[in-house]
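S.K.:
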Amino acid sequence: MREIALDNPTFWSSIEFTGGHSSYDEVSERLRRSKDAPLDLVVSRLDTRADAEMMIQLLYPHVRRWRSLVLEVWETAVADTVMEALVDAAPLLEHLSVSGFCTAPADLFHGQAPVLKSLVVRGVPLVWESTLFYNLSSLYVHSSNWTSPALLDKWQNIKRLTIRADPMQPLVMHFQGPKISLPELECLELNGVTEEDIVRLLSFAEMPNLSQLLFTHIKDSPNQVVDSIFPLLNVRHLRLHATEMCQDNLLNVLRKVRNLETISFEDSSPIPAFIGELSLTDCTIDWVCPKLSTFQVVAFEKDNAQRAYDDTDIIAALRVMMQKRRRLQRMTTRMCVFEGERNDKTRHAAPWGEERIYKSEKRITVDS
255 MREIALDNPT FWSSIEFTGG HSSYDEVSER LRRSKDAPLD LVVSRLDTRA
305 DAEMMIQLLY PHVRRWRSLV LEVWETAVAD TVMEALVDAA PLLEHLSVSG
355 FCTAPADLFH GQAPVLKSLV VRGVPLVWES TLFYNLSSLY VHSSNWTSPA
405 LLDKWQNIKR LTIRADPMQP LVMHFQGPKI SLPELECLEL NGVTEEDIVR
455 LLSFAEMPNL SQLLFTHIKD SPNQVVDSIF PLLNVRHLRL HATEMCQDNL
505 LNVLRKVRNL ETISFEDSSP IPAFIGELSL TDCTIDWVCP KLSTFQVVAF
555 EKDNAQRAYD DTDIIAALRV MMQKRRRLQR MTTRMCVFEG ERNDKTRHAA
605 PWGEERIYKS EKRITVDS
């Protein structure tokens with residue numbers, strides 16, 4: 255069996271290259287034994303131009319076999335060398351992840367990666383007008399040079415979109431041209447984006463099939479309250495992480511998610527006051543979240559002022575809401591508490607489907 259495995263080209267097709275820490279002979283041998291099999295590559299720790307040139311010499315002649323590439327190059331001069339070399343077509347490339355810093359926007363593969371479905375960009379400026387993005391179904395972008403949401407109109411196949419920013423890499427969107435539609439988008443994460451850009455994006459792009467929405471906003475002073483948000487009728491799950499959004503803007507978002515079933519406040523601002531808005535009588539067209547049945551609170555044991563977390567007022571507010579919402583038979587509240595205070599690692603939300611470890615968890619069910 256061992257001989258059969260060693261003779262199988264796919265056994266050798268996963269290759270990790272770590273610059274001077276890799277053996278030139280070992281990588282060369284794996285490439286030889288993989289024959290014509292598609293390659294899955296991880297390239298990291300390229301600290302010098304010599305490392306970059308070795309990587310290009312070894313791996314780049316096989317670019318037509320690349321199926322996935324995870325590339326991390328944080329030295330700017332080294333990243334420039336690598337990005338400038340990636341110009342030939344990659345006809346089998348399905349997944350690409352690039353992280354690092356380079357001087358000029360990179361036109362990777364000159365846009366010739368026709369089966370590319372998943373792209374992760376951290377830091378690297380790209381030529382966003384490239385055809386590289388046209389067939390993507392998943393895009394994660396954390397790059398300050400992505401500023402034009404109008405480009406999304408050309409990326410009609412995207413189902414999952416994450417836009418991330420932070421104080422070290424601030425992002426300012428420029429909304430130009432007519433409003434657009436993202437017909438296939440199912441999951442949207444706006445992580446660390448300003449409040450103004452969040453509500454403007456939801457007013458700029460129609461997303462008829464969106465079912466999951468998450469936003470973490472960096473604190474800003476919005477210039478305006480936006481009430482022209484497109485309806486989000488398929489959104490069932492909404493996560494608000496570390497948000498102190500203006501209540502008027504937040505309510506304008508919630509009035510558009512008429513079929514929302516689950517809302518999650520993760521280390522967010524005054525929740526009881528918000529629940530009070532949900533407790534308004536249902537005799538008005540502005541009845542907020544009429545189908546809401548699960549209310550999740552994710553908090554920290556202490557806030558940054560060392561005040562202990564107390565869920566008593568949240569539970570009391572939920573009971574009032576249940577009494578006023580006659581059509582709602584049951585409300586489930588999940589309280590998850592982290593140990594200690596919020597820090598840089600938890601400043602951004604965990605990805606969908608991934609939960610962080612909590613110190614304690616409590617489920618409360620309130621019947622009408």
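In this text, residue positions in the sequence shown follow the working numbering: the first is 255, and each later residue adds one.
No residue lacks a Cβ here, since even glycine has one placed at the ideal position from N, Cα and C.
1) Could you name the residues of the same chain whose beta carbon sits closer than 6 angstroms to that of N399, not counting the 5 residues immediately before and after it, in chain order?
2) Indicate the three-state DSSP secondary structure (helix, strand or coil) for R287 in the structure shown.
3) Can you look up E460 in the DSSP assignment and give me helix, strand or coil?
4) Which residues share a DSSP beta bridge with Q550?
5) Determine contact between the segment 301-312 and the segment 345-365, defined as no fewer than three beta-carbon pairs at a distance below 8 angstroms.
6) Along the chain, which unbroken stretches of the beta strand (DSSP E) at least 3 residues long are found entirely within the segment 341-366?
7) Quick check: the Cα distance between E615 and R588, rounded to an integer number of angstroms?
8) Compare the Cα-Cα distances from K408 to each of L293, D420, P424, L439 and report the closest residue.
9) In angstroms, rounded to a whole number, what distance separates the CA positions of M309 and L505?
10) Have a look at A343, M499, T385 and flag the residue whose alpha-carbon is nearest the alpha-carbon of H316.
11) Spatial neighbours of F469 within its chain, please: C-beta separation below 6 angstroms, excluding the five flanking residues on both sides.
12) How far does the alpha helix (DSSP H) with T222 in it extend, from its first residue to its last?
13) List the endpoints of the continuous alpha helix (DSSP H) containing V336.
14) Rounded to a whole number of angstroms, what is the C-alpha to C-alpha distance between F265 and C441?
15) For R318 versus D294, is the C-beta distance shorter than 9 angstroms?
16) Which partner residues does H491 have in the DSSP bridge list?
17) Just to confirm my understanding: we take S288, look at its own chain, exclude 5 residues before and 5 after, and list those with CB closer than 6 angstroms. What are they?
18) Give the C-beta separation of L340 and F271 to the nearest angstrom, bearing in mind that I take them to be a contact with Cβ-Cβ under 8 angstroms.
19) Whole angstroms are fine: how far does the CA of V551 sit from the CA of T516?
20) Less than 7 angstroms between C-beta atoms, sequence neighbours within five positions excluded: which residues of the same chain meet that for L386?
21) Report the option in V327, L514, V511 whose CA atom is closest to the CA atom of E338.
22) Could you tell me the boundaries of the alpha helix (DSSP H) in which D305 lies?
23) Taking the Cβ atom as the reference point for each residue, do R509 and V542 lie within a distance shorter than 9 angstroms?
24) Return the CA-CA distance between L393 and C356, expressed in angstroms with no decimal places.
25) Anyone know if the C-beta pair for A553 and F592 falls short of 9 angstroms?
26) In this structure, how does DSSP classify D506 when only helix, strand and coil are distinguished?
27) F387 by DSSP, collapsed to three states: which one?
28) Cutting at 8 angstroms between CB atoms, please list the residues of its own chain near L514, excluding the five before and the five after it.
29) Check whether the Cβ atoms of V511 and L455 sit closer than 9 angstroms, and answer yes or no.
30) Excluding the 5 residues flanking R414 on each side, which residues of the same chain have their C-beta closer than 6 angstroms to its C-beta?
31) Please report the residue range of the beta strand (DSSP E) in which G446 lies.
32) Around the Cβ of G377, are there at least 16 other Cβ atoms within 10 angstroms (buried) or fewer (exposed)?
33) DSSP on R610, reduced to helix/strand/coil?
34) Enumerate in chain order the residues of its own chain whose CB-to-CB distance from H396 is below 6 angstroms, with the five nearest sequence positions on each side excluded.
M.R.: Taking the structure as given:
1) P379
2) helix
3) If DSSP states are grouped into helix, strand and coil, E460 belongs with the strands.
4) S518, R588
5) no
6) Taken in chain order, the whole beta strand (DSSP E) runs of length 3 or more contained in the segment 341-366 are 349-354.
7) 7 angstroms
8) Among L293, D420, P424, L439, the Cα nearest to that of K408 is on L439.
9) 52 angstroms
10) A343
11) L444, I452
12) The requested residue 222 is not part of the displayed model; the chain covers only 255 to 622.
13) 330-339
14) Rounded to whole angstroms, the gap between the alpha carbons of F265 and C441 is 35 angstroms.
15) no
16) Q466, T516
17) P263, W266, S267
18) Contact doesn't hold; Cβ gap of about 14 angstroms is too wide.
19) 11 angstroms
20) Excluding residues within five positions, the ones whose Cβ falls inside 7 angstroms are L362, F363, G365, A367, L370.
21) V327
22) 303-313
23) yes
24) Approximately 20 angstroms, taken between the alpha carbons.
25) One thing to note: A553 has its Cβ within 9 angstroms of the Cβ of F592.
26) The identity of residue 506 in the sequence shown is Asn, whereas the question assumes Asp. The answer is helix: DSSP assigns N506 an H, G or I state.
27) In the three-state reduction of the DSSP assignment, F387 falls in the helix class, which pools H, G and I.
28) V489, R490, H491, L492, L508, C543, K545, L546
29) no
30) Annotation for R414: S392, C441 place their beta carbon closer than 6 angstroms to its own, counting only its chain and skipping 5 residues before and after.
31) 441-448
32) buried
33) coil
34) R376, R418
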